[in-house]
Amino acid sequence: MSQPKKSSRNHRIFGISIVAVFVLILASITVEDTRDYLDSDTWATTTGTRIRDNNKTAFIEFEYTVNGTRYVGTRTRFYQLVLFTGDTQYSNFETTYPIGSTFPVYYDPADPQRSVINPAFPVRAIMLRVALLTVLIPIWISHRIVSRLFGNILRPFRGTA
């Protein structure tokens, strides 16, 4: 039985690494957002002002002041993936909070840079992240099983010339 080519093995390792990195990043962001969400019931509020946005994505910037120090925030809600300007949520935010408008900003008194405009629990965003993780992990496991069971059958026939 011949050994698989080294480049084929490297491609598999690369593919697995990409999926693993994506899962770790998504899990890390989710853990951080969960921590902030759970802590936010003790956060203080101040008034923020929308100052600008990015033309392509909804990185909406707002400024607020805590104890005389000016901060700039970009998080409109917890568990938010990047919104694009064509997104309905972005359009709603654009209408509700035009540049120059004021609104309450929730911030962590122990670390005022941790802030959010809407601290409500977003069920849809959590469902999306859970769905991504529950799809990616089984795909990776299935790939590993199929590769081990049928690797020789699925590998193209390489005759000797």
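If you want the working numbering, it's the 1-based position in the sequence shown plus 55. Idealized CB from N, CA, C, for every residue including glycine.
### Task
With a 10 Å radius around its C-beta and 16 neighbouring C-beta atoms as the bar for buried, classify arginine 169 as buried or exposed.
buried
### Query
Are the CB atoms of glycine 103 and threonine 151 nearer to each other than 8 Å?
no
### Task
Would you grab the beta carbon distance between isoleucine 172 and valine 78 for me? Rounded to a whole angstrom, and I think it's under 8 Å.
No, isoleucine 172 and valine 78 are not in contact; Cβ-Cβ is about 28 Å, not under 8 Å.
#### Entry: glycine 128, enclosing beta strand (DSSP E) - first and last residue
124-128
### Query
Which residue or residues does DSSP assign as beta-bridge partners of valine 201?
DSSP, once it has assigned bridges, lists no residue as partnering valine 201.
### Message
Tell me which residues share the same chain as tryptophan 195 and place their Cβ nearer than 6 Å to its Cβ, disregarding the 5 neighbours each side in the sequence.
### Response
Val74
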